[in-house]
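Here's the structure we're looking at; comments come further down.
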Amino acid sequence: MNFFKIAIINFKRNIRTYGLYLMAMVFSVATYYNFVSMRYNPQFLEAKEISAYIEGSSMTASILMIIFLMFFIVYSSNFFLNQRKREIGVYAFMGIDNYKIAFIFASEGLLLGIMSLVIGLMLGILFSKLFMMMLAKVALLNIRIDFFVSKKAILETIILYSIILGITFLKGYLDIIRTNLIDLMNSLKREEELPKVNYFKGIVSIIIIGVAYYIAINYERFGFGTALMITVLLIIWGTYWLFGSFFSMIIRYYINKKSFLYNGTNIISISNIAFRIKDNYRTLTAVAVLVTTCITSFGTVSSLKYYVDENHKIEVPYTVSYISDNQEEIAKVDEIIENSNHKVKLKEKANFLYAPDHEVVIVNLSTFRNIISDLKVKNSENIISKFNLSKDEVGYIERPGVMMSIIAKDDIVLGDKKYNIKIDTKVPFFGRGVPFPCLVVDDDEYEILKSNFSEKQFNGIILDNPENTKDLTFKLVKVLSEESWLYTYFVAGATFYDFTGIVYFLGAFLFLVFVFATGSIIYFKILSESFGDKNKYEILKKLGTTDLEIHESISKQIGMFFILPLVVGIIHSMVAISVLSDIMKCNLIKPTIVSIGVFALMYGIFYVFTRRKYIDIVSTT
Amino acid sequence: MEIVLETKKLKKEYGTKGAIFTAIEDIDLKVYKGEFLGIMGPSGAGKTTLLNILSTIDKPTSGEIYYESKNILNMKNRELSIFRRNNIGFIFQDFNLLDSMSVEDNMALPLALSKVNPKEIKEKIEKLSKFFGLKDQLKKYPYQLSGGQKQRVAAARALITSPSIVFADEPTGALDSKSSQELLQCLSQMNEEFNTTIIMVTHDAFAASYCKRILFLKDGKIHARIDKDSTRKEFFKRIIDFLGAMGGGVDELF
Numbered sequence: 017m018n019f020f021k022i023a024i025i026n027f028k029r030n031i032r033t034y035g036l037y038l039m040a041m042v043f044s045v046a047t048y049y050n051f052v053s054m055r056y057n058p059q060f061l062e063a064k065e066i067s068a069y070i071e072g073s074s075m076t077a078s079i080l081m082i083i084f085l086m087f088f089i090v091y092s093s094n095f096f097l098n099q100r101k102r103e104i105g106v107y108a109f110m111g112i113d114n115y116k117i118a119f120i121f122a123s124e125g126l127l128l129g130i131m132s133l134v135i136g137l138m139l140g141i142l143f144s145k146l147f148m149m150m151l152a153k154v155a156l157l158n159i160r161i162d163f164f165v166s167k168k169a170i171l172e173t174i175i176l177y178s179i180i181l182g183i184t185f186l187k188g189y190l191d192i193i194r195t196n197l198i199d200l201m202n203s204l205k206r207e208e209e210l211p212k213v214n215y216f217k218g219i220v221s222i223i224i225i226g227v228a229y230y231i232a233i234n235y236e237r238f239g240f241g242t243a244l245m246i247t248v249l250l251i252i253w254g255t256y257w258l259f260g261s262f263f264s265m266i267i268r269y270y271i272n273k274k275s276f277l278y279n280g281t282n283i284i285s286i287s288n289i290a291f292r293i294k295d296n297y298r299t300l301t302a303v304a305v306l307v308t309t310c311i312t313s314f315g316t317v318s319s320l321k322y323y324v325d326e327n328h329k330i331e332v333p334y335t336v337s338y339i340s341d342n343q344e345e346i347a348k349v350d351e352i353i354e355n356s357n358h359k360v361k362l363k364e365k366a367n368f369l370y371a372p373d374h375e376v377v378i379v380n381l382s383t384f385r386n387i388i389s390d391l392k393v394k395n396s397e398n399i400i401s402k403f404n405l406s407k408d409e410v411g412y413i414e415r416p417g418v419m420m421s422i423i424a425k426d427d428i429v430l431g432d433k434k435y436n437i438k439i440d441t442k443v444p445f446f447g448r449g450v451p452f453p454c455l456v457v458d459d460d461e462y463e464i465l466k467s468n469f470s471e472k473q474f475n476g477i478i479l480d481n482p483e484n485t486k487d488l489t490f491k492l493v494k495v496l497s498e499e500s501w502l503y504t505y506f507v508a509g510a511t512f513y514d515f516t517g518i519v520y521f522l523g524a525f526l527f528l529v530f531v532f533a534t535g536s537i538i539y540f541k542i543l544s545e546s547f548g549d550k551n552k553y554e555i556l557k558k559l560g561t562t563d564l565e566i567h568e569s570i571s572k573q574i575g576m577f578f579i580l581p582l583v584v585g586i587i588h589s590m591v592a593i594s595v596l597s598d599i600m601k602c603n604l605i606k607p608t609i610v611s612i613g614v615f616a617l618m619y620g621i622f623y624v625f626t627r628r629k630y631i632d633i634v635s636t637t
Numbered sequence: 022m023e024i025v026l027e028t029k030k031l032k033k034e035y036g037t038k039g040a041i042f043t044a045i046e047d048i049d050l051k052v053y054k055g056e057f058l059g060i061m062g063p064s065g066a067g068k069t070t071l072l073n074i075l076s077t078i079d080k081p082t083s084g085e086i087y088y089e090s091k092n093i094l095n096m097k098n099r100e101l102s103i104f105r106r107n108n109i110g111f112i113f114q115d116f117n118l119l120d121s122m123s124v125e126d127n128m129a130l131p132l133a134l135s136k137v138n139p140k141e142i143k144e145k146i147e148k149l150s151k152f153f154g155l156k157d158q159l160k161k162y163p164y165q166l167s168g169g170q171k172q173r174v175a176a177a178r179a180l181i182t183s184p185s186i187v188f189a190d191e192p193t194g195a196l197d198s199k200s201s202q203e204l205l206q207c208l209s210q211m212n213e214e215f216n217t218t219i220i221m222v223t224h225d226a227f228a229a230s231y232c233k234r235i236l237f238l239k240d241g242k243i244h245a246r247i248d249k250d251s252t253r254k255e256f257f258k259r260i261i262d263f264l265g266a267m268g269g270g271v272d273e274l275f
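Same order as they appear, the protein sequences are chains A and B. Last residue of the first sequence? That's 637 in my numbering, and every number before it is there in order. Last residue of the second sequence? That's 275 in my numbering, and every number before it is there in order.
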C-alpha cells in the first residue's frame, strides 16, 4: 500500500469531521469566483455607469477573502492536527518516519482542498446567473443577464486557491515534521498553568477604549482622517488588553467569589474559562474586531439605503418647484397644472436672497417657520424651537443631496457682518430645486442684508400622483425661462440613478461572507481545544456529574466565548454608527438594530453547531 | 452491624456470542459500615471490573446490588449519576484532579454541583484540609503539588460529601513509598475517625496490610478472605504467606 492510498482511505473515513471545513471552503471558492466573474461579465461591462463600482468591490472582496482564508486555514489545520495526534503517534510508533507521516496527512488536506475547489467552482458557476440577476435587479439595471462562464475568472480562482493550498500543504507538512513522538503521545496530557493577571493592563485597557470613543465622537476637533486612524488603532489595542487582562480580572474575581462559584455548574465553566483565556484572548480580540467591522459595514450600507429613502423627502419635498416672481409666468404654470390631471395639495411661496460668492441662499426666520410647518416635517416644533436666533447668529441647512459633511462649519461673513453658525441641520426645505445650502437669519437682519443681494421668489407645489409628471414637466419647460431652475419629481427620478442599490447588495453579500468567516474561525478555535478537555469531562462523569450538568457547563463555557466578543463588538460598532449618524445627519437607529439582529442570529447558529460538536467530541471516548 | 453494600450473584461478561469472556462470576458480598476492605488478586482476576460495578460506573450482566437496601440497578442514568455523587467517593490511581481548578475548588466540586450552601462547603473544606494536612495548599493548583499531596486532595474530595463508601483504585500506584505510607495512614485514620467505609483495590501487600479484611479474587471469583486480628506487621506477613500459598508464584502477583 503506498502512502497516497493511506491518505485516500483516511480521507474517506474522516469525511464527516471535515463537514464544516468543506462547507466553508466551498462557500469561499464559490463567492470568490462570483466576485471575480462579475468583473468579466459582458453585460455588466456594457453598463458603464456601474462598472467602476463592480471593479472596486470585486477587488475588495478578493482581498478580504484572502485575509479570511489565512486565518481560517491556520485555525482549521490546528484543529485537524489536534484531532489526529494520537493517530499520528501510532504511525510513528510503527516505525513510519515523520516525513512519510507528514506526507500522508498533508496530502489528505490537499485532497480536501482540491475537492472543495472543484465543488466550489461548480456551485459558483451554477449560481453565477442568479447572483448577477439579483445584482442587476437591485441596481435597477434594465439588462438581460445570460448564463455566462468566465474562463478568466475560473483561472484566477484556481491560481489563487492553488497558491493557498500549496501553502497549507507546506504548513501541514512542516508542522508534523517538527513534532516529536513524545509530544504526540503526551499532547493531550500537557499540564496547563493558570495565567497570571496583569491588573495594570486590565485597567488601562478600559481607559484606552474610553479615549478611543472620545476621539471618535469628537472627530471634528481632531480632523476626520486622524480621528479615524487613531480610533481604529486604539480600539484594537484596547480590545487586545481587554481580553488579555481585564477579562482575566473579572474571571478571577468570580473564582474567588465562592458564593457564585459554588453554585451548580459555574465551578466547571468558570474554571475552564479562566484556564483557556491565555490561549484564547487573541482569537477573542480578532473576533471582536471582525464583529465590529461586520456590524459597522453592514450598518453603513444599510444606512446608505435607509438614507436614500429618507433623503428623498429632503431632496424632493415638492412635486414641482421653480424660481420666478414674474406674475405672468406663475399664472401660466398654474394654468398648466390646473389643466393636468393632478390635484394641488400644497402651494408654497417664499422669498430668499442668493449670495453667489458663498454659494448659499438666505431666508428669514418667519419663512423658515412657515415652510417647516407647511411641509409637516417630523418634530417640526422641536426643530423650530432650536432656531431661536439672535442678531448675529444664523442657522445652517445642509445642501440637499449632501451625504456626509465632515468639515466643521466656521463663521460666515455676509455683506460686512460676521455671523456665527448656531445650528447645523438637515431638513426638507427647498429641495434640490435650489441646490445650495440655506442660511436662516433673523427677520430684521434679513431686511438689512436685502440691500446686498438680489431677492428671488421660490414657488413650490405639491401634487397628487407625483410619479406621472413626465408630460407636465415637458409642458412646464416650454413656458418657463432658463433661470427658473425648474425641478420636478420626474427630473429627480431621471437624474438620480440608484447605485446605492449595488453598494447595498454587494455590502450585504460581503457581510454574509464576513459572518461566515467570523463564525468558522471561532468554531475551529474552540473545537481544537475540545480534545484537551476530553479528559476533564471523563473525570467529571466518574465523579457523578450528570450529562445534563455537563451540557450546561459546556453551554456556559462556549457561550461565554461567543458572547463576549459579540458584546464588545456591538458596543464598538454602536459608537462607530453613532458617529456615522452624526456625520450623515440622519438617525440610524433602525438600520443599526437590523444589522445587529441579523448578525446575532447568524452568529447564534454557529454557536449551536459549535456547542453540539463540542459535546460530541468530549463525550466520545 | 449495619450493611452498607450488598451484592447477590454478580456476573459480568464481555464480548458477543461465541466469544464470551466472563470477567467476574458469583460474587456475593456484604460490606458493613466502618469496614476497610481490600481486594487483591493477580492481573486479569477481575478486580477493576468488580470495583467499577460496585461503584456504579459499570453495569453487571446479571445479579443485584443494594446500597443500604436500595437496588441501584433500577436507577436511570441521571439518577445514578446523582446517587454516585452523593453517596460514593473515589480515589483513583492517577488522581483525576481537574487541572483547571484550585485545590479548594477541586474539593468543593461534588458539593457545588449539588448546590449545597457555599458557607457549608467552606466549613467542610476547612475541616478536611486540616485533617489531610492541606491547609497551606488550598489556593494552589494541581500542577503545583507533589503526587502525595494530589492524592490527599483526591481523598479529601472523596470524603467531602460524607459518602457511605469510598472506593480507592490502586491509590498508591503512582506514589513513592513515603507518600504511599502517608496516604495509607490517612485512609486508615479516616476509617477510624469518621467511621468511613472504604473499599480498596490493590496489588501491593503493604498497602493491603492497612485493611481490616481482604478478599482474594482469582479468575473472577472470590477465592478466599482473611481478616486482620493482630498488628499490621503480622497481617502483612500473613498476606505474603497467603499469596505464596495461593499459587502462581509471587512474581505474578506483584
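All C-beta atoms in this analysis are idealised placements derived from N, C-alpha and C, irrespective of residue type, glycine included. Quick caveat: nothing in here was measured; it's all calculated off a predicted structure.
Going straight from the alpha carbon of residue i to that of residue j, what length do you get?
| i | j | result |
| --- | --- | --- |
| Thr511 (chain A) | Glu409 (chain A) | Low local confidence applies: a pLDDT of 47 at Thr511 (chain A) is under 50, so the model's placement there is unreliable, with the coordinate-based value given in what follows. Between Thr511 (chain A) and Glu409 (chain A), the C-alpha separation is close to 35 angstroms. |
| Phe622 (chain A) | Phe259 (chain A) | 21 angstroms |
| Ser318 (chain A) | Asp79 (chain B) | 58 angstroms |
| Leu155 (chain B) | Glu213 (chain B) | 20 angstroms |
| Pro139 (chain B) | Glu56 (chain B) | 31 angstroms |
| Ser569 (chain A) | Ser166 (chain A) | 50 angstroms |
| Ile266 (chain A) | Tyr162 (chain B) | 19 angstroms |
| Asp115 (chain B) | Leu196 (chain B) | 9 angstroms |
| Tyr84 (chain A) | Ala533 (chain A) | Correcting the residue type first, residue 84 (chain A) is Phe in the shown sequence and not Tyr. Approximately 6 angstroms, taken between the alpha carbons. |
| Lys629 (chain A) | Asp47 (chain B) | 42 angstroms |
| Thr441 (chain A) | Gly182 (chain A) | 56 angstroms |
| Asn107 (chain B) | Asn92 (chain B) | 16 angstroms |
| Glu461 (chain A) | Lys407 (chain A) | 7 angstroms |
| Gly270 (chain B) | Met61 (chain B) | Bear in mind that the predicted position of Gly270 (chain B) carries a pLDDT of just 48, short of 50, making it unreliable; the figure below should be weighed with that in mind. Roughly 15 angstroms between the two C-alpha positions. |
| Gln158 (chain B) | Ala175 (chain B) | 13 angstroms |
| Met138 (chain A) | Ser611 (chain A) | 31 angstroms |
| Ala266 (chain B) | Gly194 (chain B) | 24 angstroms |
So, using beta-carbon positions, are residue i and residue j closer together than 8 angstroms?
| i | j | result |
| --- | --- | --- |
| Tyr269 (chain A) | Leu277 (chain A) | no |
| Ile120 (chain A) | Phe19 (chain A) | yes |
| Val187 (chain B) | Lys68 (chain B) | no |
| Ile41 (chain B) | Leu31 (chain B) | no |
| Val443 (chain A) | Ile330 (chain A) | yes |
| Lys294 (chain A) | Pro211 (chain A) | yes |
| Phe638 (chain A) | Ile538 (chain A) | What is shown of chain A runs 17 to 637, which leaves residue 638 (chain A) out entirely. |
| Ile428 (chain A) | Ile437 (chain A) | yes |
Can you tell me whether residue i is buried or exposed? The criterion is at least 16 other CB atoms within 10 Å of its CB, across all chains shown.
| i | result |
| --- | --- |
| Lys361 (chain A) | exposed |
| Val634 (chain A) | buried |
| Ile574 (chain A) | buried |
| Arg100 (chain A) | buried |
| Glu565 (chain A) | buried |
| Pro372 (chain A) | exposed |
Within the continuous alpha helix (DSSP H) that includes residue i, where are the two ends?
| i | result |
| --- | --- |
| His588 (chain A) | 563–600 |
| Tyr435 (chain A) | Run containing Tyr435 (chain A): none in the alpha helix (DSSP H); it sits in the beta strand (DSSP E), 433–441. |
| Leu249 (chain A) | 240–257 |
| Ile192 (chain A) | 167–194 |
| Ile103 (chain B) | 98–108 |
| Ser221 (chain A) | 215–233 |
Going by DSSP, what residue range makes up the beta strand (DSSP E) through residue i?
| i | result |
| --- | --- |
| Met221 (chain B) | 218–222 |
| Asn367 (chain A) | 360–371 |
| Ala245 (chain B) | 242–248 |
Residues within the region 290–323 of chain A neighbouring chain B, beta-carbon criterion of under 9 angstroms:
Taken in chain order, the members of the region 290–323 of chain A whose beta-carbon sits within less than 9 angstroms of a beta-carbon on chain B are Ala290, Phe291, Arg292.
Any residues in the region 524–556 of chain A with a beta carbon nearer than 8 angstroms to a beta carbon of chain B? Which ones, in chain order?
Those residues of the region 524–556 of chain A that come within reach of chain B (Cβ to Cβ, closer than 8 angstroms) are Lys552, Ile555, Leu556.
Taking beta-carbon pairs under 8 angstroms, can you tell me which members of the region 130–149 of chain A lie near chain B?
For the region 130–149 of chain A, the set of positions with a beta-carbon nearer than 8 angstroms to some beta-carbon of chain B is empty.
If you measure beta-carbon to beta-carbon, which residues of the region 568–591 of chain A are closer than 7 angstroms to chain B?
Listed by position, the residues of the region 568–591 of chain A near chain B (Cβ gap below 7 angstroms) amount to none.
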